[in-house]
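Below is the structure:
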């Protein structure tokens, strides 16, 4: 059984149809890259998988670990191992990173029938997790993402991922706006968190990130549909040739 | 009816008798405000007008019962008032040159008292001030001499004992911090009479002398059936720094007027507030900052969390006279509405007559942000818990401005309890 089966998924935001029949199968151990021009629906796909309330699924289904994913609340999806690294992480002034991460960690533990961790136990857990993003403990006393640089926000997403230990990690434009050092830290964090039983979907506009997180499959999303799939060399081809040729291809496909 | 003078304690010094008489007369003339009065338009106090309040009964409480209100620091100097009267057994004031005493005891012996009491706030600043002034019996008197630097905050603890229903207390406080001194004052109104209906009508005058530094935390945790009317008048002299944090959680009708008078140049005044309302509570904060001199800075952040059918009122006045050039004033009021039926009347009122100033204000009112809720849910936190979490965050941002760590921790705990989150330490 595949970890994730997306079948003919359509979704809209208000009146606007964005996804128009996406099909995708992801197995444990695999890394899939979803590429495509701006406005093609990449981020929408990521958000729909995580359950963002702004989108309405208008057709198709998503089976995750044998279960109807679309039937679950966003928090239930997360508890079952679906993780979305946000393109625009939300700032929560007033709550420290330590509070926030412990709250998330304890919800997972509750969902798994384990006891909640007290602040001291959690500190031990954190020590290991912080190494993943090459951070010291001082980041924990700052308010969540408030006043963080773009790079710090993305590193914080990966820290959250480390705490949640997801089965299916979806990275939404995690590379956008990162300098090369931050990109390296974020990518190596993601690689360290890979397990044989986990899978990663990398949503990106640029090929650059895929030098660090090497995909097994590359899919090109145009106009709300996956119009071409291939291996990692497809990303290089897109980098070299841009998206226009593939948009033309999609246009021909649509009229054929 | 007995003549006014006959009802006043004859042991009072003449100046205090005169002050009380002025209060009594002004209150008789003014009566209680109505909603036709612009200052009270959004604050219907008719339940107070309709009620009649007797004298608060003599009562005592145990030290154990007060422990939850002491921030884990029993060693801090404290004056305890039970039902408006000073209680020496429950109070604890170490010997020092800092005067921390009951007004009733200090009234004849302290020149500073005569010099300042009732000299800063106008007797008719509000009808409630006139009422309070006419009733002055007891309260706290704190006098910090020049250049003193207090090791501990001074806690003024006003507690209502069980059985205080249908009575009224009129605490009258005076805090004088002389030049170049540093002091931290906590003023708490707490109750052991949960669910009882009584009235606290409080007036506090704070004098911050030249280059003095004062941090003033006001905590209002009255019974949710009680009425709390408080006015704090602050007079600041040259180069002084004053920081107020006003926390309001209790009261069926609760109002605090905070008036900060910047009486000389180069003064800094920081006003922070956090208020909660639920059920039918009415919580009102009226602040006024008087910029009368150049190069002063005021910074104000008030935040509120309203649930149920509660009603919040915020009025923030900033007056800048033509002399007050280079004024830097910023005011922010943010209210979170947790129900469809909660409401807030928020009104910034800036009157600026100087041309070289920086004055800004902003008010926001809203529900919890959907995107933030989704972010938390995507981190495993269920919707209801995410709502509580974000509500807590909204409050915590301003609680973080409380300078004293033990007080901050206690307010943080109160917020967690009220909001229903258990984040621990």
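Protein chains in written order, with the working numbering: chain A, 2 to 257; chain B, 829 to 1253. Glycine included, every Cβ here is placed at the ideal spot set by N, Cα and C.
Euclidean distance between Cα positions of residue i and residue j
i: residue 1231 (chain B); j: residue 981 (chain B); result: 11 angstroms
i: residue 256 (chain A); j: residue 236 (chain A); result: Low confidence applies to residue 256 (chain A): its pLDDT is 40, below 50, so where it sits in the model is not reliable, and the reading given next is rough at best. So the alpha carbons of these two residues sit roughly 25 angstroms apart.
i: residue 780 (chain B); j: residue 1035 (chain B); result: The shown model of chain B, from 829 to 1253, leaves out residue 780 (chain B), and the question about it has no answer.
i: residue 254 (chain A); j: residue 199 (chain A); result: Unreliable placement is indicated for residue 254 (chain A), whose pLDDT of 47 sits below 50; the coordinate value is still reported in the next sentence. If I take the Cα positions, the gap works out to 34 angstroms.
i: residue 1222 (chain B); j: residue 947 (chain B); result: 38 angstroms
i: residue 71 (chain A); j: residue 64 (chain A); result: 8 angstroms
i: residue 1037 (chain B); j: residue 1090 (chain B); result: 11 angstroms
i: residue 1066 (chain B); j: residue 1181 (chain B); result: 21 angstroms
i: residue 165 (chain A); j: residue 106 (chain A); result: 6 angstroms
i: residue 1055 (chain B); j: residue 52 (chain A); result: 46 angstroms
i: residue 1009 (chain B); j: residue 977 (chain B); result: 6 angstroms
i: residue 848 (chain B); j: residue 142 (chain A); result: 52 angstroms
i: residue 1071 (chain B); j: residue 1129 (chain B); result: 12 angstroms
i: residue 40 (chain A); j: residue 1094 (chain B); result: 54 angstroms
i: residue 1013 (chain B); j: residue 899 (chain B); result: 13 angstroms
i: residue 1166 (chain B); j: residue 1218 (chain B); result: 11 angstroms
i: residue 1249 (chain B); j: residue 1240 (chain B); result: 11 angstroms
i: residue 187 (chain A); j: residue 209 (chain A); result: 13 angstroms
i: residue 239 (chain A); j: residue 1173 (chain B); result: 56 angstroms
i: residue 912 (chain B); j: residue 985 (chain B); result: 10 angstroms
i: residue 161 (chain A); j: residue 176 (chain A); result: 16 angstroms
Cβ neighbour criterion (16 or more within 10 Å) applied to residue i
i: residue 992 (chain B); result: buried
i: residue 1214 (chain B); result: buried
i: residue 225 (chain A); result: buried
i: residue 82 (chain A); result: buried
i: residue 961 (chain B); result: buried
i: residue 181 (chain A); result: exposed
i: residue 19 (chain A); result: buried
i: residue 207 (chain A); result: exposed
i: residue 1099 (chain B); result: buried
i: residue 246 (chain A); result: exposed
i: residue 938 (chain B); result: buried
i: residue 121 (chain A); result: exposed
i: residue 930 (chain B); result: buried
i: residue 974 (chain B); result: exposed
i: residue 36 (chain A); result: buried
Partners in chain A for residue i, counting only beta-carbon separations shorter than 8 angstroms
i: residue 1198 (chain B); result: 54 and 55
i: residue 1130 (chain B); result: Here the premise fails: no neighbours, minimum Cβ distance about 15 angstroms.
i: residue 1195 (chain B); result: Those do not exist, as residue 1195 (chain B) stays about 14 angstroms from chain A at its closest Cβ, beyond 8 angstroms.
i: residue 1223 (chain B); result: 95
i: residue 1104 (chain B); result: None at all; the shortest Cβ gap to chain A is about 15 angstroms.
Cross-chain neighbours of residue i in chain A, by beta carbon under 9 angstroms
i: residue 1211 (chain B); result: 74, 75 and 76
i: residue 1245 (chain B); result: Simply none; closest approach about 16 angstroms.
i: residue 1217 (chain B); result: 93, 96, 100, 101 and 104
i: residue 1202 (chain B); result: 48, 51, 52, 53, 54, 55, 75 and 91
CB-CB length for residue i against residue j, believed under 8 angstroms
i: residue 46 (chain A); j: residue 222 (chain A); result: 7 angstroms
i: residue 86 (chain A); j: residue 219 (chain A); result: That pair is no contact at about 19 angstroms.
i: residue 49 (chain A); j: residue 79 (chain A); result: Not confirmed; about 14 angstroms, so no contact.
i: residue 1136 (chain B); j: residue 1159 (chain B); result: That belief does not hold up - the Cβ atoms of residue 1136 (chain B) and residue 1159 (chain B) are roughly 27 angstroms apart, past 8 angstroms.
i: residue 1051 (chain B); j: residue 1021 (chain B); result: 6 angstroms
i: residue 971 (chain B); j: residue 927 (chain B); result: 4 angstroms
i: residue 1152 (chain B); j: residue 1121 (chain B); result: 6 angstroms
i: residue 858 (chain B); j: residue 876 (chain B); result: With a Cβ gap of about 14 angstroms, residue 858 (chain B) and residue 876 (chain B) do not count as contacting.
i: residue 921 (chain B); j: residue 896 (chain B); result: In fact, because the Cβ distance is near 21 angstroms, the residues do not count as touching under 8 angstroms.
i: residue 1216 (chain B); j: residue 1247 (chain B); result: 5 angstroms
i: residue 69 (chain A); j: residue 1205 (chain B); result: Residue 69 (chain A) to residue 1205 (chain B), Cβ: 18 angstroms. No contact.
i: residue 145 (chain A); j: residue 93 (chain A); result: 4 angstroms
Chain-ordered neighbours of residue i on chain B, where CB pairs are closer than 7 angstroms
i: residue 161 (chain A); result: 1207
i: residue 105 (chain A); result: 1207, 1208 and 1209
i: residue 51 (chain A); result: 1206
i: residue 85 (chain A); result: 1206
Contacts of residue i in chain A (Cβ-Cβ under 7 angstroms)
i: residue 1229 (chain B); result: Those within 7 angstroms of residue 1229 (chain B) in chain A number zero; the least Cβ separation is about 11 angstroms.
i: residue 914 (chain B); result: Within chain A, no residue comes near residue 914 (chain B); the closest Cβ sits about 38 angstroms away, beyond 7 angstroms.
Partner residues on chain B for residue i, Cβ-Cβ distance less than 8 angstroms
i: residue 80 (chain A); result: 1208
i: residue 165 (chain A); result: 1207 and 1208
Amino acids of chain B, ordered along the chain, whose beta-carbon sits closer than 9 angstroms to that of residue i
i: residue 108 (chain A); result: 1207, 1208, 1209, 1210 and 1213
>> So within the stretch 916 to 981 of chain B, which uninterrupted beta strand (DSSP E) runs reach at least 3 residues, ignoring any that extend past its ends?
In response: 927 to 930 and 968 to 972
> Which parts of the stretch 855 to 929 of chain B are runs of the alpha helix (DSSP H), unbroken and 4 residues or longer, counting only runs that do not cross its ends?
Replying inline: 874 to 878 and 891 to 894
> Taking the runs of the beta strand (DSSP E) that are 3 residues or longer, which of them lie wholly in the stretch 1041 to 1065 of chain B?
Replying inline: 1041 to 1049 and 1055 to 1064
> Counting only runs that start and end within the stretch 87 to 136 of chain A, where is the beta strand (DSSP E) found for 3 or more residues in a row?
Replying inline: 93 to 97
> Can you list the beta strand (DSSP E) stretches of 3 or more residues lying completely in the stretch 164 to 193 of chain A, in chain order?
Replying inline: 169 to 173
>> To test your reading of the DSSP string, which unbroken alpha helix (DSSP H) runs of 4 or more residues are found completely within the stretch 1072 to 1102 of chain B?
In response: Correct list: empty.
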